[in-house]
Structure formats: C-alpha cells, structure tokens
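Contents: one structure, followed by commentary.
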RNA sequence: GGGCCGUUAGCUCAGAGGGAGAGCACCGGCCUUUUAAGCCGGGUGUCGCUGGUUCGAGUCCAGCACGGCUCACCA
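Residue numbers (my numbering): 9 to 506.
Structure follows, in structure tokens:
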C-alpha cells in the first residue's frame, strides 16, 4: 500500500498538485509562510456566532481572520463555496471574483482540497441559513501535496489509519473525539488525585531489575555504565520506595513496556496509572476506584451509564465484589470441592493452555479464571482474594493464608485494575521472591526476579499501604466504546512496511 | 507463534479463467447563494510481491510481505 511517499513515483493527482505549487511559486506566493495573525479559529466562530440571525450579521459586519484546512470546494464559475475545518468543526466560506479581483480568483483556482489557508472576511448567513465567511482576501499557509481520502467514507483502511494517523485525524472527526476523551480522562484523573492530597511523581523507565509485575521485559544497554537495563514493566517497586520515604500518597501516570503479544487489548507500550496510599488496604482501594471511575464518567460523559458494544454498563456505586474461587466455580461449573484437587486443576489448565506450562496451582487457577470467568464479567466487578502464589507483592489474607488481599477490577470482560494491600514485611517479601525465582528456574520467564535493593528499602519500614494500577488505555476503550486498543493509542506499534 | 480472512485507481469498493469497472477525487470546458452543487468531455492502474498451472491468470495453486479477526500470553 505504501507506494506513494515522497521518494517513490508520484500519482497523477500528486503531480497535478506539484504543478499548482510551481505555478503559485512563480507568482511570487510564499506557500509555507512563517506567521499569520488570526482573530478566530473555525470552532470559535461557530460557537460564538452560530445563533445570530441574518439581520444581526448585516448590521454588525463581523470581520474575522480565520485559518483552516480546506475540506471541500464547490466552484461555480466566478464564485466558489468551500469548507474550512479545524479539529472541532467546519465553517463555510464564499469567495466571489468581484470581491477579490480577477487575479486573486485565478490564484484561488490553484487551491486544492487539503491546503491550509487563512481567510479575511465578514460573516453572513446564506439563504439556506448556513454561517459563512464572505471572503475579501486569503493567504496560503501550507500546500497539501497529496490528495485526501474521499468525503463520504473518509479513510477506512485500518492499516493506513494507524500508519498515517495525521491523515486519519484530518478526515475522520470522530477519531479526534476519542483522543479528546482520552485527554479529559487523564486530566480529570490528575484532578481527582491532586484534590486528595496526592503528589504526582515520575519514577525510572529504565530498571536494572524489572519488577512490579509478572511479564517479559524489553532489554536495552547503557554504554557508559556498561550495563544492561530493562524498560520498566511497572513502576510499583519505585513508588513503594517513595512511600517508605514518607510520601504517603503518590501517583504516576506513565508508560509501561511489556514484551508480549499484540492484540486488541495489548500494545507493547501502554499507559498505566499507579497510586499508593499509606494507612490504607485493598478495601479502601476498591472504594476509591469506584469513586474515581464514577467521577470520570459523571464529569466527562455526564452520566453513570456507558454503552459498550451491545452492552449498557452501569457505573453506579457500589460495584459487585466476588471472591476469586467463588467466581471460578460459579462461571466454570466446576464444583467448589474440586479446587482442592491441586493435581487435577493443574491438569485442566494444561489442556486449556498447553503452551503456557509448567503450572503451579495458583497459575493454573489464573488460566481457568481467564478462560471461564473474565469474559462473563461485563458490569464492573471486583474479583477479590486470588491465590497468594500469583501475587508475590501482596499481603496474605489473615483468614485464609493461601489467598492474597488483592483484587482485579473487570469491566466489559477486560482487566481494568489490579490492586492489593501491599506486602510490607521484608522477610516475607524475600521468601516470596525466592519462590518466584524457583518458578523462573523451572522455566517460567514471567516470574518475578529477586530485587534485594527493594527488600532493603522495605527494611526501613513501609507502613500499611494500599496500591493499585489502572490500565488507562482500556479505561478509555470502555469510555469511548472502542473494541481495540489501537483505536485509543495514537500510534500503535505496527511492523514497518517494506 | 497457530487457525481463518483480506490486499484491485488518490479514497471507498465491485469484478471469481477470455484481456480493467463504479462513485467520490483528479484533468479540460460551462456555471456569481452552493452544500453528497449541477451539466458536457476524459480512466489516470505493476489488480500486494515472487513463482507455478493454463492457449490465456486480477480470478486457480504455492511461497513471501503487510494487515484484520481469533486462539494462546500479558494490563
């Protein structure tokens, strides 16, 4: 598909645009000028003046200098209508030879759809009532050297949309809205935590030991120090060091990198919100999660219900809470007693996911959970107390030492959040790491590495702390009703063409 | 990584063994309140790439590339 870049052969339409560029240059016109003073944007004009009547415009003679990209042209002999757009709206303009002069009208005929120009003119309403700029003069701001996709369908080809996101944004206004929504979610999330006395921090993206999650890392190398580094898979261990240091409420919104497969729910780099609050446990985290997501929905969407595909998702508090093992037997149909048969469960997991082994008991339960439970949880659901052995950084549950004080929040069948009462005992943390190391030796590349520096930090005293990670991309998917993560990431990872 | 599907004009797509099509866009002409403007004229193409089958391949077969869905893993 990628056969028309600047180095390859040009299409007839690109050649035609090149010819127009040369003609305009020969007329002494600067097609890529430095600066222009404008009075309004397209969307400012629309919001400020749409409600005025024809008579208002005749009386007030509102003059504007407005820039925008030309997205349509209707030429009618010695007069033309066209639409200018910015990323939030489009505005019609009218240009007549008897207003701009014969010479300028000829120059205008060298304008293409896609060019960026500025108009100087007076607002009026046409006889069909459309707000329009009566153009008195115009100035080129940038020439567009490629034809734009057609006006009815926009750009549909997914590969092209992701590879040329700039073009996608020009011709598909609904795509712009998704990213405005994403921006609002992040902005209001910051507001939510800032108002609660949290401080936002930035911790390293390059880790000597990748930790805080169970995933395969990307590896890189620092020349001057002569050391291998890993792109972080989670900021968790650094954020908890900060709590040790007395920063009782911290959060970070930033990228994580996991060297795993790409799918509709996975991009190798993705945005994670992580927050930690001292003197809290996982129950407090559940309350705060309900509050945050409910707040985002009310504030940004103005409602507590979200349409997602064929589902209506209610974000009204409180949300369902179900124990991991209860969810397992309820949705898998496996009798609760059967879960005590550790060998049998491991065997079942091996048939469900043969590539994934070797299995520990806890990991086998995880596989069964992903297969039978997760897809059924559409309404927001906290799945609490998963097996301790797949939660090496979480406190054990006092009532049941095999379970962790941890939850996963599932919405629309996706894991949106993961949180726990943080494990604060350095000796127990060392033991958990050692157990993970054994699994690593048995061939599980995703097991946690031993991080003695982190254990040393814990030895200074981490107060009881609740911590949580929320996958921002997936949250945006739910809010924007998008079924693939590529629709909420501006530049998703693609294999290079050619 | 496995399975299934896709790749034809700038864009959106049709064409399923007999030599390349439509709409928009584009090019030429007409047109001073149009808006999916209209009217007249013009197809602008390495049918993803490489091989094979065939008298003949966009069409059938194989391999490759990229993408999509899905399974597996992770958030």
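Virtual Cβ for every residue (Gly too), placed ideally from N, Cα, C.
Original post:
Can you name the residues that DSSP bridges to residue 100?
Top reply: 91, 140
**OP:** Quick one: using the 10 Å Cβ neighbour count with 16 as the cut-off for buried, is residue 469 buried or exposed?
**Re:** exposed
Original post:
Should the stretch 70-80 be called in touch with the stretch 125-132, which here means at least 3 C-beta pairs below 8 Å?
Top reply: Of all C-beta pairs linking the stretch 70-80 to the stretch 125-132, three or more are shorter than 8 Å, placing the two stretches in contact.
**OP:** State the Cα-Cα distance for the pair residue 314 and residue 491, rounded to the nearest angstrom.
**Re:** 14 Å
**OP:** In the DSSP assignment, find the beta strand (DSSP E) that holds residue 230 and state where it starts and stops.
**Re:** Secondary structure note for residue 230: its beta strand (DSSP E) is the uninterrupted segment 227-230.
Subject >> Rounded C-alpha distance that separates residue 179 from residue 118 >> reply: 21 Å
**OP:** Whole angstroms is fine: what's the gap from residue 274's alpha carbon to residue 496's?
**Re:** 11 Å
Original post:
My guess is that residue 428 and residue 413 are in contact by the Cβ rule of under 8 Å, so how many angstroms apart are they, rounded?
Top reply: 6 Å
Original post:
If you follow the alpha helix (DSSP H) that residue 171 is part of, which residue opens it and which one closes it?
Top reply: 166-171
Original post:
Can you tell which of 393, 417, 185 has the C-alpha that lies nearest to the C-alpha of residue 406?
Top reply: 393
Original post:
Under 9 Å between the Cβ atoms of residue 279 and residue 481?
Top reply: yes
**OP:** Tell me where the beta strand (DSSP E) around residue 264 begins and ends.
**Re:** 257-265
Subject >> Strand pairing of residue 145, partner residues [DSSP] >> reply: 128
Original post:
CA-CA distance, residue 437 and residue 287?
Top reply: 19 Å
Original post:
Between residue 422 and residue 416, what straight-line distance do the alpha-carbon atoms span, to the nearest angstrom?
Top reply: Take the alpha-carbon of residue 422 and the one of residue 416: they are about 10 Å apart.
Original post:
Is residue 245 near residue 258, with beta carbons less than 9 Å apart?
Top reply: no
**OP:** Specify, as a first and last residue, the run of the alpha helix (DSSP H) that residue 307 falls within.
**Re:** Element bounds for residue 307: n/a, residue is neither H nor E.
**OP:** Pull up the CB-CB distance for residue 141 and residue 102, whole angstroms please, since I reckon it's below 8 Å.
**Re:** 7 Å
Original post:
If you check the beta carbons only, do residue 473 and residue 284 fall under 9 Å apart?
Top reply: yes
Subject >> Closer than 8 Å: residue 246 CB and nearest the ligand PLP heavy atom >> reply: In the structure on display, the ligand PLP does not appear, and there are no ligands present to speak of.
Original post:
Can you give the Cα-Cα distance for residue 463 and residue 439, rounded to whole angstroms?
Top reply: 10 Å
Original post:
DSSP state of residue 206, grouped into three classes?
Top reply: coil
Subject >> Rounded separation between residue 325 and residue 155 - CA only >> reply: 50 Å
Original post:
Terminal residues of the continuous alpha helix (DSSP H) containing residue 475?
Top reply: Not the alpha helix (DSSP H): residue 475 falls in the beta strand (DSSP E), residues 473-479.
**OP:** Using only alpha-carbon positions, find the residue among 321, 146, 441, 369 that is nearest to residue 387.
**Re:** 321
**OP:** Please say whether residue 170 and residue 500 have beta carbons closer to each other than 9 Å?
**Re:** Yes.
Original post:
Quick check: the stretch 28-46 against the stretch 156-169, are there 3 or more CB pairs under 8 Å?
Top reply: no
Original post:
Of the residues 38, 447, 238, 121, which one's Cα is nearest the Cα of residue 213?
Top reply: 238
Original post:
By Cβ distance below 6 Å, which residues in the same chain neighbour residue 11 in space, the five residues on each side in sequence not counted?
Top reply: Residue placement at residue 11 cannot be trusted, given a pLDDT of 34 that sits under 50; the coordinates are not used to answer.
**OP:** Would you check if the distance between the CB atom of residue 53 and the CB atom of residue 122 is smaller than 9 Å?
**Re:** no
**OP:** Assign residue 161 to one of three DSSP states: helix, strand, or coil.
**Re:** Looking at residue 161 - three-state DSSP - the assignment turns out to be coil, as it is neither helix nor strand.
**OP:** Can you tell me the Cβ-Cβ gap for residue 26 and residue 153, rounded? I've got them flagged as a contact below 8 Å.
**Re:** 7 Å
Original post:
Applying the criterion that 16 or more other CB atoms from any shown protein chain within 10 Å of the CB defines a buried residue, is residue 264 buried or exposed?
Top reply: It is buried - the Cβ of residue 264 has at least 16 other Cβ atoms within 10 Å.
**OP:** Closer than 8 Å by C-beta to residue 209: which residues in its own chain qualify, once you throw out the five before and the five after it? Chain order, please.
**Re:** 247, 250, 255, 258, 259, 260
Subject >> First through last residue of the beta strand (DSSP E) which encompasses residue 434 >> reply: Residue 434 -> not in any beta strand (DSSP E); alpha helix (DSSP H) instead, spanning 434-449.
Original post:
Got a sec, what are the start and stop residues for the beta strand (DSSP E) residue 408 sits in?
Top reply: Segment: none, residue 408 is in no beta strand (DSSP E) and carries neither H nor E.
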